[in-house]
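One structure below.
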Amino acid sequence: MNILIATDADWVVDDVTAALGAEGVTFTVCREGRVVADQVAQSAPDLALFDMQIGSMGGMAVTMSLRLDESAGTLPHVPVLMLLDRAADLHLARRSGAEGWLIKPLDSLRLKRAAKAVLAGDTYTEGVAKPAPDPDVAADADPVVDDVESAEEEPISAG
Numbered sequence: 000m001n002i003l004i005a006t007d008a009d010w011v012v013d014d015v016t017a018a019l020g021a022e023g024v025t026f027t028v029c030r031e032g033r034v035v036a037d038q039v040a041q042s043a044p045d046l047a048l049f050d051m052q053i054g055s056m057g058g059m060a061v062t063m064s065l066r067l068d069e070s071a072g073t074l075p076h077v078p079v080l081m082l083l084d085r086a087a088d089l090h091l092a093r094r095s096g097a098e099g100w101l102i103k104p105l106d107s108l109r110l111k112r113a114a115k116a117v118l119a120g121d122t123y124t125e126g127v128a129k130p131a132p133d134p135d136v137a138a139d140a141d142p143v144v145d146d147v148e149s150a151e152e153e154p155i156s157a158g
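Numbered by numbering that gives the first Met the number 0, the letters in the sequence shown go through residues 0 to 158 in order.
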C-alpha cells in the first residue's frame, strides 16, 4: 500500500508515518501542492493525506483540483483524508470532496481509525454533530453516525 502525504511540516510527516507505518506500507511525501497531481499521475496512491498548507497551495485546493481532474478522466480516483487546523475548516473540507478529515492535533489512534475507514470506502468526519435520534427508527436499529469517538478501541494495522 502506498500513502501520499502532502504537507510542508516535518512533524506531520513524522506523525503520519509513525501511526500508519507497517510492513508493506510505503510513503511518498510532497512538499508542494502544485506537484501532487503529477505524483498521482505517475503512481496513484491508495490513500492521500493532505495538510491544510502544502507549500504555496492549500490542501482544499489540491483536493478540489484532483476531483476536477478525476471528473475529466485525466486522473484516477484517490481517497483523500484532510488534516484540518481547526473545526472552522469543516465546511471547506466537506465541499472539497475529501472522503474524510481529522482536526489537529493528531494522534495515532485517530489516524489509524480514519485511514482504515477511508481505505474501506467509508467516510471519517470529525467535528460534525451527531444526528438526533429519529423517533421513527426502531430503538434496536443501529443509526449511522459519521464520527464515533471511543476510548476503548483495538489497534489496527495500516496494511
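Backbone N, C-alpha and C fix where the C-beta goes; we use that ideal spot for every residue, glycine too.
All of these numbers come straight from a predicted model, not from anything done at the bench.
Using 8 Å for Cβ pairs, my map puts residue i next to residue j. What's the rounded Cβ distance?
i     : j      : result
Leu74 : Leu65  : 6 Å
Leu3  : Ala71  : In fact, because the Cβ distance is near 20 Å, the residues do not count as touching under 8 Å.
Pro78 : Leu118 : 7 Å
Taking DSSP as the reference, what is the three-state secondary structure of residue i?
i      : result
Ser149 : With a pLDDT of 37 at Ser149, under the threshold of 50, the predicted position of this residue should be treated as unreliable, though the coordinate-derived value follows. Here Ser149 sits in coil by DSSP.
Leu19  : helix
Met51  : coil
Gly126 : coil
Leu105 : coil
Gly58  : helix
Met81  : strand
Ala116 : helix
Leu46  : strand
Ala36  : helix
Val28  : strand
Ala5   : strand
Just the C-alpha distance for residue i and residue j, rounded to the nearest angstrom, thanks.
i     : j      : result
Gln52 : Thr62  : 12 Å
Ala97 : Ala113 : 12 Å
Leu19 : Ala86  : 23 Å
Thr16 : Phe26  : 7 Å
Leu91 : Met59  : 7 Å
Gln41 : Val35  : 10 Å
Asp13 : Val24  : 15 Å
Cys29 : Asp7   : 8 Å
Take the Cβ of residue i as the centre, count every other Cβ of all protein chains shown within 10 Å, and call the residue buried at 16 or more, exposed below.
i      : result
Pro44  : buried
Gly180 : Any property of residue 180 remains undetermined from this structure, which presents the chain solely from 0 to 158.
Ala55  : For clarity, residue 55 is Ser in the given sequence; the question names Ala instead. Ser55 comes out exposed.
Between residue i and chain C, is any beta-carbon pair separated by less than 8 Å?
i     : result
Asp45 : Note that chain C does not occur in the displayed structure, where there is just one protein chain.
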